[in-house]
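Whatever position you read off the sequence shown (first residue = 1), add 1 for this note's numbering. Even for Gly, the Cβ is constructed at its ideal location relative to N, Cα and C. Notes follow the structure.
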Amino acid sequence: MVQLADVCSYSIRRYLEKSEDTLFNEIFKVADKKNGKVVGARHFTMNHCTCKVCQAHR
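And the structure:
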């Protein structure tokens, strides 16, 4: 049995490591937001990261 958390973590990992965004885009669009800033997904890395997760959190 595959759990939803497994699918989410798999899609995030594939996006960040291999730039595969088909499944990631479906999951990321429903990530929690507060005041227009995504707070339900984070990528802890350098400040100059340009991935969708970091851009949506700024």
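Helix, strand or coil at residue i [DSSP, three-state]
| i | result |
| --- | --- |
| Lys19 | helix |
| Val54 | helix |
| Val39 | strand |
Rounded Cβ spacing between residue i and residue j (contact assumed at less than 8 Å)
| i | j | result |
| --- | --- | --- |
| Val39 | His58 | 5 Å |
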